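Notes follow once the structure below has been shown.
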Amino acid sequence: MELGGFVVMDASNSPGPVVFVIFGGGGDLAWRKLIPSLFHLHVKGELPDRFAIIAVDRAGYSDRTLRERLRAGVRQFSKPQRMRPKDWRGFSAHIHYLRAEFGAAKTYRDLAQRLTELDKAWGAQSVRIFHLATPPSLVGVIPRRLATSGLAGDRARARIVVEKPIGSDLESARALNGVLTKSFQEPQIFRIDHYLGKETVQNILAFRFANPMFEPIWNRRYVDCVTITVAEEVGVGHRGKYFERAGELRDMVQNHLMQLLCLVAMEAPVSFDADEIRDKKVAVLHALRRFTPEEVATHTVRGQYGRGLLGGKRVAGYRQEKDVAPDSTTETYAALKLHVDNWRWQDVPFYLRAGKRMARQVTEIVVKFRPVPHRMFPTDAVLAWQPTRVTLRIQPEEGIVVRCYAKVPGSLMRLRQVDMHFNYREAFKTPSPPAYATLLRDVMVNDATLFMRSDQVEAAWSALMPVLDAWRTVTPESFPNYAAGSSGPASADDLLRAGGHSW
Ligand code: BG6
33 MELGGFVVMD ASNSPGPVVF VIFGGGGDLA WRKLIPSLFH LHVKGELPDR
83 FAIIAVDRAG YSDRTLRERL RAGVRQFSKP QRMRPKDWRG FSAHIHYLRA
133 EFGAAKTYRD LAQRLTELDK AWGAQSVRIF HLATPPSLVG VIPRRLATSG
183 LAGDRARARI VVEKPIGSDL ESARALNGVL TKSFQEPQIF RIDHYLGKET
233 VQNILAFRFA NPMFEPIWNR RYVDCVTITV AEEVGVGHRG KYFERAGELR
283 DMVQNHLMQL LCLVAMEAPV SFDADEIRDK KVAVLHALRR FTPEEVATHT
333 VRGQYGRGLL GGKRVAGYRQ EKDVAPDSTT ETYAALKLHV DNWRWQDVPF
383 YLRAGKRMAR QVTEIVVKFR PVPHRMFPTD AVLAWQPTRV TLRIQPEEGI
433 VVRCYAKVPG SLMRLRQVDM HFNYREAFKT PSPPAYATLL RDVMVNDATL
483 FMRSDQVEAA WSALMPVLDA WRTVTPESFP NYAAGSSGPA SADDLLRAGG
533 HSW
């Protein structure tokens with residue numbers, strides 16, 4: 033049935049209706065992530081029959097031209113399944129365009145009217161998800177407008193989804209959280225860090241807390257150090273304008289790497305309750321040792337890529353990228369040595385590094401264990417002992433590797449390290465869903481476990497403020513200090529070497 037421009041599906045016994053209102057629905061995030069993920073949910077049968085997507089934007093599309101654009105995005109970015117024309121037809125009929133200015137009161141009146149029409153047609157009250165896929169500056173505007181037009185008031189049905197970055201430092205994050213919580217109640221607010229939607233990231237909880245043998249050794253008595261690496265091959269691409277103001281510490285460390293750190297270092301939650309898990313994560317951030325200004329110099333490294341070779345191709349340096357100043361001092365690489373000051377982790381260093389234009393893409397966490405208390409083997413059994421380690425591989429390879437010693441076959445007692453592999457693809461024979469699909473489904477069913485609470489965001493900023501302050505005041509003289517396609521600045525290796533460790 034067609035009503036007021038909307039296709040309305042009639043399925044009285046399906047789950048309640050839901051409307052995704054995407055502010056910035058004509059933009060990049062909707063094109064690359066949100067629509068392909070919603071399409072994925074549709075194909076998997078995880079969207080209710082009664083759903084609508086309203087793309088709010090200034091760009092000037094019609095329903096037809098917007099759908100065409102989004103179809104190209106789904107083709108390009110929907111990896112797990114091929115796009116069947118029939119599926120796309122069924123899905124795209126639910127997408128509608130609303131041309132609007134984000135700051136104008138009329139926009140919200142028009143939106144409210146459309147939402148009311150839908151509810152009337154469905155004969156039910158829909159869940160309304162307002163997703164801000166807009167530049168961060170609009171996060172201060174849209175929630176207020178939604179609230180004054182009465183669209184935020186229904187605690188049970190109105191939800192708002194906000195993308196990172198939440199602020200650019202502690203103060204601005206507090207201000208933004210203030211704006212959000214004035215318009216919506218905290219349980220209605222879903223702050224996205226898409227890393228939390230990745231299967232392998234969620235699996236850290238399963239690995240640690242569903243198996244009896246790791247937790248007893250997951251502490252300072254057995255663990256020597258932990259390294260967390262997020263290396264990307266991509267540079268800043270067309271995002272120079274944003275990245276010049278952000279830098280790698282804000283773009284990657286404050287959110288994605290801090291989330292990984294929390295999952296690997298947190299205490300065992302008592303239940304799978306959203307707040308219980310988030311409480312345990314926030315406790316890790318509160319326990320992070322604050323750097324003194326002097327420690328920033330010895331415990332952190334920043335870098336910026338210069339020209340280089342990547343996959344055999346010449347690539348530009350950061351300063352040659354579009355919208356980047358030729359003398360930019362923005363970091364594209366950050367490494368930190370952190371300590372979690374609590375009983376479990378006292379004196380165990382956590383080394384974090386994130387960089388763009390690195391030799392190869394890899395996201396992984398390595399937990400390295402202390403040597404056995406006594407090595408009773410012949411002295412020539414091993415040439416150079418290496419730590420036993422557990423590697424949690426997040427991407428592109430997804431799995432877990434336990435590296436330990438084994439006897440080499442033969443008459444002599446020789447030992448060598450071997451890898452015990454768990455590989456997602458092989459074990460489950462099914463590709464992981466896109467991170468955004470997991471997260472959007474969770475918003476739909478009102479499960480906040482994988483979303484950041486305001487106190488968590490602020491605690492992460494608070495831990496990094498000494499670094500941000502010190503980096504702002506001291507100009508990095510040596511930039512660019514690593515070549516595109518390399519493994520980052522050499523000083524990042526020294527950071528670990530000082531403690532007898534390596535990446
Ligand atoms: C985003 C950052 O949050 O994550 C980007 O803004 C980065 O700079 C991206 O490239 C990495 O995400 P993924 O899922 O490709 O590891």
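Residues in the sequence shown are numbered from 33 upward in steps of one, following our numbering. All C-beta atoms in this analysis are idealised placements derived from N, C-alpha and C, irrespective of residue type, glycine included. Because the structure is a prediction, the values reported are computed rather than measured.
Going along the chain, which residues of its own chain have a beta-carbon closer than 6 Å to the beta-carbon of residue i, five neighbours each way excluded?
{"i": "valine 366", "result": "In the sequence under discussion, the amino acid at residue 366 is alanine, which differs from the valine named in the question. If we look at alanine 366 and ignore the five residues flanking it on each side, its Cβ neighbours are Glu280, Leu281, Val285, Arg334 and Ala386."}
{"i": "phenylalanine 483", "result": "Phe222 and Arg223"}
{"i": "aspartate 42", "result": "Low local confidence applies: a pLDDT of 40 at aspartate 42 is under 50, so the model's placement there is unreliable, with the coordinate-based value given in what follows. Excluding sequence neighbours, aspartate 42 sits near nothing in its chain."}
{"i": "glycine 36", "result": "Annotation note: pLDDT 44 at glycine 36 (below 50); position unreliable, coordinate value reported separately. Counting only Cβ-Cβ distances below 6 Å, and skipping sequence neighbours, we find Glu149."}
{"i": "serine 44", "result": "Below a pLDDT of 50, predicted positions are generally treated as unreliable, and serine 44, at 39, falls in that range; no measurement from the model is reported."}
{"i": "leucine 130", "result": "Ile86 and Val88"}
Return the Cβ separation of residue i and residue j in integer angstroms, given the expectation that the two are a contact with Cβ distance under 8 Å.
{"i": "proline 428", "j": "histidine 72", "result": "Wrong, their Cβ atoms sit about 19 Å apart, outside the cutoff."}
{"i": "leucine 317", "j": "alanine 491", "result": "4 Å"}
{"i": "aspartate 89", "j": "glycine 58", "result": "4 Å"}
{"i": "leucine 164", "j": "isoleucine 127", "result": "Not quite, the Cβ-Cβ distance comes to about 18 Å (not below 8 Å), so this is no contact."}
{"i": "glycine 531", "j": "proline 381", "result": "6 Å"}
{"i": "alanine 179", "j": "serine 215", "result": "4 Å"}
{"i": "alanine 319", "j": "glutamate 247", "result": "Incorrect: roughly 18 Å between the Cβ atoms, too far for contact."}
If we ignore side chains and look at the alpha-carbon of each, how far apart do residue i and residue j end up?
{"i": "aspartate 305", "j": "arginine 223", "result": "17 Å"}
{"i": "alanine 91", "j": "histidine 288", "result": "31 Å"}
{"i": "isoleucine 249", "j": "aspartate 186", "result": "47 Å"}
{"i": "alanine 516", "j": "arginine 389", "result": "5 Å"}
{"i": "alanine 413", "j": "valine 258", "result": "27 Å"}
{"i": "threonine 232", "j": "lysine 152", "result": "41 Å"}
{"i": "arginine 435", "j": "valine 394", "result": "18 Å"}
{"i": "histidine 226", "j": "leucine 471", "result": "8 Å"}
{"i": "glycine 269", "j": "tyrosine 437", "result": "43 Å"}
{"i": "proline 197", "j": "arginine 448", "result": "45 Å"}
{"i": "histidine 331", "j": "aspartate 373", "result": "16 Å"}
{"i": "arginine 160", "j": "tryptophan 493", "result": "30 Å"}
{"i": "glycine 77", "j": "phenylalanine 55", "result": "25 Å"}
{"i": "valine 450", "j": "arginine 421", "result": "11 Å"}
{"i": "glutamine 352", "j": "arginine 504", "result": "22 Å"}
{"i": "serine 519", "j": "lysine 461", "result": "32 Å"}
{"i": "methionine 290", "j": "glycine 210", "result": "22 Å"}
{"i": "valine 440", "j": "arginine 446", "result": "5 Å"}
{"i": "leucine 342", "j": "threonine 213", "result": "45 Å"}
{"i": "aspartate 355", "j": "arginine 121", "result": "38 Å"}
{"i": "threonine 324", "j": "lysine 369", "result": "13 Å"}
{"i": "alanine 238", "j": "glycine 442", "result": "38 Å"}
{"i": "isoleucine 309", "j": "proline 358", "result": "44 Å"}
{"i": "phenylalanine 275", "j": "glycine 344", "result": "26 Å"}
{"i": "arginine 191", "j": "tryptophan 535", "result": "41 Å"}
Could you tell me if the beta carbon of residue i falls within a distance shorter than 8 Å of some heavy atom in the ligand BG6?
{"i": "histidine 226", "result": "yes"}
{"i": "lysine 196", "result": "yes"}
{"i": "proline 287", "result": "The sequence given here has asparagine at residue 287, not proline. Indeed, a heavy atom of the ligand BG6 lies less than 8 Å from the Cβ."}
{"i": "methionine 284", "result": "yes"}
{"i": "phenylalanine 275", "result": "yes"}
{"i": "arginine 271", "result": "yes"}
{"i": "lysine 354", "result": "no"}
{"i": "glutamate 231", "result": "no"}
So, for residue i: in the same chain, excluding its five sequence neighbours on each side, which residues have a beta-carbon less than 7 Å away from its beta-carbon?
{"i": "valine 328", "result": "Pro498, Val499 and Ala502"}
{"i": "arginine 141", "result": "Ser181"}
{"i": "glycine 105", "result": "Trp63, Arg64, Ile67 and Pro68"}
{"i": "glycine 431", "result": "Arg425, His453, Phe454, Asn455 and Tyr456"}
{"i": "proline 521", "result": "Val333, Gly335, Tyr365, Asn513 and Tyr514"}
{"i": "valine 271", "result": "Reading the sequence as shown, one finds arginine at residue 271 and not valine. Answer for arginine 271: no residue qualifies."}
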